[in-house]
Structures are given as structure tokens and as C-alpha cells.
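Presented below is the structure to which this report refers.
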Amino acid sequence: MDRRRALKTGVAAAAALFRPAFLRAQSSKKLSILTWNIADQEALFRQEFAEFKAANPGVEIEWLDKKGPDLPAFYQTQLVAGTPPDIVDLQGALWVEWAANGALLDLTPYLQADPAFVKLFNTDYMSGWVYEKKSYLVPFYISKTLLFYNKLMFKEAGLSAPPASFDEIIKFSEGMARAEKTGFITLNFDWLYWPLMKMNGIELLTPDFKKPAFNTPEAVAVVDRLAKATASGAINKVAWTGRWVEPNGAFASGTVGMMHAHSSAYFFIKGQGRWINRDTLGATQAPGNWSTPTNHGFAISKSAKNPELAFALIKLMTGNKWATKFAGIRRVLTANLAADQACLAAVQEEDPLAHAVLQTQLEHTDRMTGNWPLANDAQIKDAFWPELQNALLGRKDAKTALADAERAITRVLRRS
Amino acid sequence: MSASPRSAALRLLRNRFVLVPLVLLVLIAGWNVFVLTHNHGIVTGRVVDAVGRPVAGATVRLWVFNFTTFVEQASVTTAADGSFRFTDNPSHNIQISAEKPDAGRSERIAVRLYFAAQDRALPQPLRLEKGS
Amino acid sequence: MRRRRTFPVHLALIAVSAVMLLPFYWVLKTSISGDNIFAYPPSVIPRDPNPFYYVDVWYAIPFARYFLNSVIVSGVTIAANVVLNAMAGYALTQTFRGKSFVLLLFLSCMMIPFQATIIPAYLITGRLGLIDSYLGLALPLFSTIICIFVYKASFDAVPRSLIDAARVDGLSQWTIIWRVMLPLARSATATNVILSFIWSWNNFMWPLIVTRTPEMQTLPLGLARFLSYQEDSTGALYAFCIMVLAPGLLLFLMAQKEFVQGLSAGATKG
Amino acid sequence: MLRRSTRRALLIWAFLAPSLLIFLLYRLLPLIWNVVLSFQAWSPLKPAVFVGLDNYQEMLFDDEVFWQSLWNTVGLIASAPIGIAIALGLALLVDSEIRGREVYRTIIFVSYPLMTVAVAIIWRWMFDERVGLINYVARSLHLADAPIPFLNSFTWALPSVIVANIWQMLGFYMVIILSGLQTIPCNLYEAAGIDGANAFHRFIRITVPLLKPSLFLCFVIGMLNSVTSFDLVYVMTGGGPGRATEILITYIYKLGFNQTRFDYAAAVTVTFFILLLGITFLANRLSGGNAGAVVRD
């Protein structure tokens, strides 16, 4: 069968040499959709597209998928060339900058025109996608942070319940840390660590987003404690250096007491950690029930030739029928109420642990943080994180680091 | 220069830049032939109970690997001699489990194949255990 | 008198060779045994080796397709490099007005980092209507400075007398190049083939931007995509590394003799 | 006669044209684009506005990250000679008449053809704190009692990247130097031997001077390879921890594609380009004027 494939591609190659594929497929009613590193659902998408084409004869759909770090580069190059995909799956706060700069279409009118559709979704997640009173995305799938904890290590250290406050996080960590073992780890990209700050009442910016607000004595104290705990080995260094594999791998190896991560981490650590089952792994809200979301949503490029069609496709893909299918296969929540009900129900008996994890995603959705609609989020992140890292890893003392961060962020805010 | 064109051509063919790829091509072709003749997706095996007697009418499930998790692909019931036969396994990385209401359930055994839909007969029967 | 001192030399060289080869061995070992890299201490000999990670890779992405794309792109690139560089190299052996300017131009072109030119390069390719096409993938690497100089060098090495003799015999420029120069520059050609192959085969950034449909992706992109999914199943990841690296290594091992000679000429008599 | 010479000139330019065209399209035009952009405020979404030297001003006086990555880049460049020195030593060794030197050469060179992304993956793992081979060896030899978090420590991250970079380039350097050595007529050595110069003197007085062209080529290629080793840094450390391994090329990429500041990135790019040119011509001077290997008319 490989031979046949090779032959076909050989022919395709000859053609492609002269005429790029996506130009050949040019037609008045063509939709292009760019998804974010989810090629594993190709089969599902194909079905959805087929149904859509059947409903809208003569429509062609071009499906592209790029992996996370590459998607922005790709989309922006396409923007410059004036050929951005009509529909784009965006994660985290990336959308705000593009919305603010007018790359994305304001979906508010479409949503107002279709209240029934809006009712399908969790309002808190919906409202996460409003910038200057305009909504730009429709939820595709969602994930927010929670606290995983290793019950075996808790027992060893004589701890019964998960931590209820920042102090307990530190105290418990110190209790569980010995030799190779550490007490706490967190994911740190996309503000995922921010609940640690928020539960201490620390704000990044003033409410009007005009000035930094984090450089307070309390913040200095918190960062200082985190740094000390890291130096002492109570908190795993990887919390501040690793990205995805390293922290999850560390926790999965069973030598870390608690992990603050978003729910997507569950299936990763489940696959890695042989020790993990419903009696050994706990999943609960972080103290103060604060969490940082990293949601995926569909936006429409302003340059889209026929936005109605694009919106129709989004409706199809996020509507009850397909959202339910998707949630079922991918074991994720979609902010589509019906789909999530079905998903939880399905998971409940065959994987109670997963059920517990996913359950946290629907609780306290009103206490989300680290998801500010900032047009220059990327620049602020880039100005803040390295400085915080300096402090947490003991390269600078908390005071100077935060002061430097404040200066850097003030500069960013002044510039825009 | 003086050599006849034919022998010259031969010499050209005898250099390693021709031979190595040639050998590789032959190997690949051979392998593909083997694959094409052995990928009917047939998986066969037997189901026995705790003491090793064949179990008829047990449900055998075929789980197929899909990027991150195993999803159920098909299920068949065993014949009188406890044998079962899947004819539509599309994957290269599968798991098989059996269960019967009164006889209990077997553990899910993982089966790795050398290529998708490789025909395979399970060496060990699936053993049903009570109360697991 | 050197004889006497060969033993320590061998020792040193073996040590270095070990350092160079160890990573290879380690990757190979993981790719067949999949000893989870989160296990410590690692075992030096693979435990129950099996080829299943390679099977996983083969089915995890359309490997055959990506491979074919890479081969086509590299093939086009190599052909173009040999022809264009040979021409440019030959031209540079001649004396003509503005030569030093051209040389300077080539040199400064080496200094322009590619990652900084993605957007304009993309726009240009777009203007040429080559987005998402094999030609568009290969075009930026059609001619490479170093290889031009390699050719220039080996042409310079051709004794003038030979060329003059040919001239006297009344051979045209073309015949001289085809019948006299190129045959004598075989090693330079080998160098061109290998270097341009390596560069285009390993190219990552450009395919990432210029390919749009999955059907046009090349192996490095496959590797990147793979990283993003299979980060956990290390065995498969390293199996992929091996599968991606193998062709380059094979070609190099086949052509290394000519290759080394070619570089020699290039480096010394530029 | 005259017609013949013009015909020849035409032929020459016809030969140069294709290569020049490629470089024009994919090197010069993009460079010019960057130069123009560096004096503007522009993003894929906003029309360009001329802002004079603002970008450069911010870069030079208001951006520690730029300076940090500049110094890291310089450090990376400065590390090229180390690799070259090692390669020189190896070249001298494999140049001596010992058995199996071809084998050694091949082995030492074999790391060059590897895909940088793969090299980065491999080394990221070699340097891993808990399961990395290097830590394993170091600990089993009791060189280190506690594992060293190479890529996660501010002190070790950059050196680690440099090691990986040298590992990949070593063979390339060696082959070039090797070929340089082989062109040194032996009678020179014999003469020196009669003068009673010892090995070291011979090396200093004969080998090094005659190798200058090769060494220059090594340096230029090595420098370019290391400062543009985007994949290596990006995959191994992503520029972290903090900014410990941020080099100009990764910074430029982040500015452009993560922060949508292509205008500012352009300014950095232009500076980067000028820096490289400067260093190259400096090296050229040092290697004795005529850019030895590379430009010789």
C-alpha cells in the first residue's frame, strides 16, 4: 500500500511543482481552517466537514494544523501575505493582541443574532473572550489549572488533606521534601503559576491595566518564600525552569508531592506514572479556588471572504452533536454544557479519577485569573517572567527582581 | 574512453552510488510484498476460564491505539471451543480483553504488531478471572 | 620516528571517537529499548530490544509522504546547486571587471541570518506563486556561497596550460568546461552534493513557514510535530531521530572520500 | 578581438546571473526590507509609519535584553576558536601516518551531517539533570556528588549549548584544517628539522602561518554556524533560564513572531548583520589581509 501511496504522491509532486495545492483548490466558496496541534482528531474533523459540505453544497474546506509554537509564526506570515485562514483555533491570550490589532472578526453580532447558540455554553468561559465589550471567540475546548497531589507521599509525611492556603502549600512541601523528593511543582508558561500570586492577593496590573501593581511588600515576601523554598528543595527547581515534559515527568515519577497544572496534564502523567490510580492521586482546587485557564477557541479572520459560512462551520463544530463526540474521544471539556455533561457521565464509571479531574474544570469558573485581556500580553509576559525566574532561582533577590520587572513592564505599557 | 559503451555502462552501474540504493529498493519492495500479503487484519485467539476450560459466548473486545488512548474498535463472541476471530483490525498497536457475565473478565493484554493489520494468532489464551 | 609515538595518538583518537559516537549509541539504544529516560540509573545495554518504536513512528505521521517530500526537495536542491555553483565558480576563476565586488557581495550574503528574513522571503515566494510548492521549498537553497567557492577552488587547481592547450585545439568555452573542467572537479561536485543535501534535508524554519497543506510537509517538520505529541514516549522520539538522520549519514558515508577531497581543495586554494 | 572579449564578459555574467538572482531574492531584498523597516513602526496589522531612529534608540539605551543576548552571542562567537583549536589538534593527530586514520576522520566528521533539531534533542537529554548521561557518568566517577542541572542553571546553560555546538562542528573544522595541512610541503619541515627547530617551533613557525587561510575559513563558517544556530538554542533551552542563553537570533525571532514587533526586530537584525560583517573583516585582517581561503583573486 506504501508503493501505491508513493506513486500517487509522485504524480501529485509533478503537479505541485508548478501549482501549489491550495491555489489549485481555489473557489468562490472556499473555507480554510487552522487548528492548533490537534491533528490526531483528523478522522472526526473529516466527518464534520463532510456533514458541513452536504449542508452547503459547493463549499470546499481546507484544513491546516500547526503545532503550538509554530502557529503564531505561520498565522502572522499569512496575515502579511494577506492569505490568513478564515477560521483559526487560538489558545490562551494570543487572540487579544490580534483582536486589538483588527486581525479578527468581532463575533458579537453573530452571537446576538443567535442567542440559542450562546446558551449552549458556560457563560464564564464565554466571557473569557471579551475584549472591549466585543467577543471574538467561540469555545472549542477548555482546560484550567488545578492541584494534583500524591497521596502516597502525603501519607508518608502524615498529611491527610490537601493544602488550604499558600502557607500550607509551603509547609506541606517542606514536610514532604527529603533527598530526591520534593514537595511542590507547577507549570509556568502562559501565567499558569499566577494562582500562587492571586491567592496572596497580588495583582499584576492596576484594574485599568495602565500600571503594574505587583511590586508590593507582600509580593516581595511571597516571591522570597517561594525562592527560599526552592533553594531548600521543598519546591522542585523544575517548577521554574521546565516547560511541559519536565514538570509532568517529574511528578509522574512519583517524587513530587503536589503539582499545580492544568487538566490536560492528567492524561500525560497517567500515561507515565505507573503508581497513579484513584487511591494514590488526588485532584482538587488550588487554595482560594483560583485557577488560570488555557482555553482553545475558534476565531474568524477579518479577511474571511464569507464570514457567515465560517461562523456556520464553527457552529457545527462546537454545537451539541459534534462537541459531544469530540469531548468523548479526546476526553476534554468543551464549555458546551450538554457535551460536558455527557463526557463526565461517560467517564464517571470507566475512569473515576479522570472524572474527578474534569469535575474541577466546571467548578469555580468565576475565579479565574491570569487571563487578562491584554493587547500586549506576550510582551508583558516576556518582560515579567525572566525577572521572576531570576528571583525564584536565587539569581537576584526578590526586591530587585520585582523592581526590574516593574520597570520593564512600565516600559511596555508606555510604548503601547 | 577506449572501452566499449556497454562495458562503460556496466562500470557506471557498478559504483556504490547505484548499488546501495538498488539493494535498499529491493529490500523495501520485498518487505512491501510481505506486508501486502499479510495485512488482512485477522487476529485470532482463545478464551479459557480460571481452570483453563474453553469458554463459549464470551465477549472479546478489540482496543485500538489512537494517538494518546486506546479506543474500542470491535467486539466478537467466542465459539463453542472458546476461539474468537477479528477480521477487521486496522491498527499496529492493539489491546484485547474478554469478559462473560458469570465467568468474570480477563485482563487487557497488549499486542504489538510489526505493521498495521498484521495477521496474528495469540499464543496465550485470554484467562477469565472471577471478581476482578 | 613517528612510529614510536603512535600508541598515545591512538589512545587520544579513540577517546575522541568515543565522545563523538556515544550520543549515537545512546539514541540508538533508547530507540530500540525505550528505556524510559525518566529512569535512573540508565542501563548501558538495551533491555529487551524491539523495533516497535519504529513501527509507531511510521504510523504516527505519514512518514512515507514526508520522506518523499524531503527527497524531492533535496533532489531539486542538489541538482540546482551543482549546476549554478559550477557556473558561478567557473566565472569567478576568470578575471573581469567588478569581480572583487561580486566576491564581496557573496561574502556579505553569508552574513544575513535566515530567521530574520522569513517574512520578506515568504512575500517574495508568494509573488512568485510558489507557496506550498516543492520549488518554493527548494528555491532559497538553490545556490550556496561556500559551495561556489569549493568549485572555484577546484577549477583554479586545473593547470592553466591544460586549458590553453584546449583553446589552441580550438575547443569552445563550453566544451572546455564540460570536457576538461568538470571531470577534473569531481570531488568538488561530491562536496556540493553532500553539503547541499545536508542543508536542504535539515532545513526546518523555511518549510515550516512556506508549507501550508500537510501533504507538503518535510521530515524535519514531522520531527517537530512528533515532539509536540510523543514527548512522553521517548523511545519513539529517538526512533524518529534515527529515521531522520539515517539518509544523510548513509549518503555521507558513501561519498565521504570525494567529499573530504573536495573540501580540501575548497579550503586551501580558494 | 574586442567582440570576443565582450562575448567572454557576457558569458561570465551569464554564468553568475542565476546565483546572483537567488541571493538577490533571498538575501539582499530581505536585508533591504529589514533596513527600511528598522526606521518604521509597523506590524502585520498596522500600516508603516516612519519613526526615524526610535527603534535603534530603544535598542541601544532602553533594552537590557538586547545587550544580554548580544553578549551571549559574542560569547558563542568567542567559543568558535576553542572548537577550532581542538580540531587543529585532532587534524595534526590524524595527519600523522597511523593506521586507520580514515576511520577516525569519518567518525569525527560524522556529527556534522546531523539535523540540528535532532542534535538539540539528543544533547538536551545528555545534559538532563536526573537521567542525563553526563550527570550519570560524572556521578558514577564521583566527579560530582550532586547532579548538575546543566540547562537549568544560569552558569552552565550557555556552556552546555556551546559544547553541543562544538560537538557538531568539530568534524567540519577538522576536515578543512586537515586539507590545509596536506598542502604544506614536507620539505619545509625537513629544512626546519635541519635547523634543529623542535616540534613546537616547527608548529609555530611553519604550520600555523601556512594554515591561516584554513583557520580563517573555519572561523567564519564556525562563527556563522554558531550565531545562527537557532534550532539548537530554541530546542535545547528556548533562551532560558532567565535570558541566560538568549542569543540575538532567538531574540529576533521572539520579537517578531511572539511579540509581533517586526519593526524593532528589524533594527536588531540590521545591527546583527553589521556586527557579523565587522567581525568577519576583523578576522580577515588577522588572517593576513587576503581573506585567504575565501576571497582570493
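Sequences listed follow chains A, B, C and D, in order. Position one of the first sequence corresponds to residue 6 (my numbering), numbered consecutively onward. Position one of the second sequence corresponds to residue 10 (my numbering), numbered consecutively onward. Position one of the third sequence corresponds to residue 27 (my numbering), numbered consecutively onward. Position one of the fourth sequence corresponds to residue 6 (my numbering), numbered consecutively onward. Ideal Cβ positions, reconstructed from N, Cα and C, are used throughout, including at glycine. In this text, all values refer to a predicted model and were calculated from it rather than measured experimentally.
is_contact[residue i, chain C] using C-beta, thresh 8 Å
{"i": "A:Lys-72", "result": "yes"}
{"i": "B:His-101", "result": "yes"}
{"i": "B:Val-35", "result": "no"}
{"i": "A:Leu-363", "result": "no"}
{"i": "D:Pro-214", "result": "no"}
{"i": "A:Val-423", "result": "Outside the shown range of chain A, which is 6 to 421, sits residue 423 of chain A, and nothing can be said about it."}
{"i": "D:Ile-226", "result": "yes"}
{"i": "A:Asp-111", "result": "no"}
{"i": "B:Val-80", "result": "no"}
{"i": "A:Ala-226", "result": "no"}
{"i": "A:Thr-82", "result": "yes"}
Which of helix, strand or coil DSSP assigns to residue i
{"i": "A:Asn-253", "result": "helix"}
{"i": "D:Asn-60", "result": "helix"}
{"i": "A:Pro-217", "result": "strand"}
{"i": "A:Leu-110", "result": "coil"}
{"i": "B:Val-159", "result": "Past the boundaries of the shown model lies residue 159 of chain B; chain B is included only from 10 to 141, so the question cannot be answered."}
{"i": "C:Met-46", "result": "helix"}
{"i": "B:Ala-65", "result": "coil"}
{"i": "A:Tyr-154", "result": "strand"}
{"i": "A:Thr-323", "result": "helix"}
{"i": "B:Glu-81", "result": "strand"}
{"i": "C:Asp-195", "result": "coil"}
CB contact below 8 Å: residue i versus chain D
{"i": "A:Lys-242", "result": "yes"}
{"i": "C:Ser-43", "result": "yes"}
{"i": "A:Asn-395", "result": "yes"}
{"i": "A:Arg-400", "result": "yes"}
{"i": "A:Val-85", "result": "yes"}
{"i": "A:Gln-456", "result": "It is not possible to answer for residue 456 of chain A, since the shown part of chain A is limited to 6 through 421."}
{"i": "A:Asp-195", "result": "no"}
{"i": "C:Ile-157", "result": "no"}
{"i": "C:Asn-228", "result": "yes"}
8 Å Cβ cutoff, residue i in contact with chain A
{"i": "D:Leu-34", "result": "no"}
{"i": "C:Ile-145", "result": "yes"}
{"i": "C:Met-110", "result": "Checking the sequence shown, residue 110 of chain C turns out to be Leu, not Met. Not an interface residue."}
CB contact flag (residue i, residue j, <8 Å)
{"i": "B:Asp-97", "j": "B:Gly-54", "result": "no"}
{"i": "D:Thr-212", "j": "D:Ile-189", "result": "yes"}
{"i": "A:Lys-242", "j": "D:Asn-263", "result": "no"}
{"i": "D:Leu-81", "j": "D:Ser-184", "result": "no"}
{"i": "A:Thr-187", "j": "A:Ile-240", "result": "yes"}
{"i": "D:Gly-247", "j": "D:Phe-132", "result": "no"}
{"i": "A:Leu-152", "j": "A:Gln-353", "result": "no"}
{"i": "C:Asp-182", "j": "C:Val-236", "result": "no"}
{"i": "A:Thr-329", "j": "A:Lys-203", "result": "no"}
N- and C-terminal bounds of the alpha helix (DSSP H) containing residue i
{"i": "B:Lys-109", "result": "Counting along the chain, B:Lys-109 falls outside any alpha helix (DSSP H), though it belongs to the beta strand (DSSP E) covering 102-109."}
{"i": "D:Phe-262", "result": "Neither: D:Phe-262 is in no alpha helix (DSSP H) and is coded neither H nor E."}
{"i": "C:Tyr-160", "result": "160-164"}
{"i": "A:Trp-134", "result": "From DSSP, A:Trp-134 is part of no alpha helix (DSSP H); its letter is neither H nor E."}
{"i": "D:Gly-88", "result": "69-100"}
N- and C-terminal bounds of the beta strand (DSSP E) containing residue i
{"i": "C:Arg-238", "result": "Note, C:Arg-238: premise wrong, no beta strand (DSSP E); not H, not E."}
{"i": "A:His-267", "result": "261-267"}
{"i": "A:Lys-176", "result": "A:Lys-176 -> not in any beta strand (DSSP E); alpha helix (DSSP H) instead, spanning 171-181."}
query = When the Cβ atoms of the region 164-182 of chain C are set against those of the region 94-113 of chain C, are three or more pairs found closer than 8 Å?
reply = Contact holds between the region 164-182 of chain C and the region 94-113 of chain C, because three or more Cβ pairs, one in each stretch, are under 8 Å apart.
Taking one C-beta from the region 300-317 of chain A and one from the region 204-217 of chain A each time, how about it: are there three or more such pairs within less than 8 Å? no
| said: Within 8 Å, do at least three Cβ pairs link the region 23-41 of chain D to the region 351-363 of chain A? | reply: Touching, no.
Whether or not the region 120-129 of chain B and the region 59-77 of chain D are in contact is what I'm after, with contact meaning three or more pairs of Cβ atoms, one per stretch, closer than 8 Å; do they touch? no
| So does the region 218-236 of chain A actually touch the region 397-410 of chain A, counting three or more Cβ pairs closer than 8 Å? | yes
| Between the region 274-283 of chain D and the region 127-146 of chain C, do three or more beta carbon pairs fall short of 8 Å? | yes
- Message: Counting beta carbon pairs with one atom in the region 30-39 of chain B and one in the region 98-118 of chain B, are three or more of them shorter than 8 Å?
- Response: no
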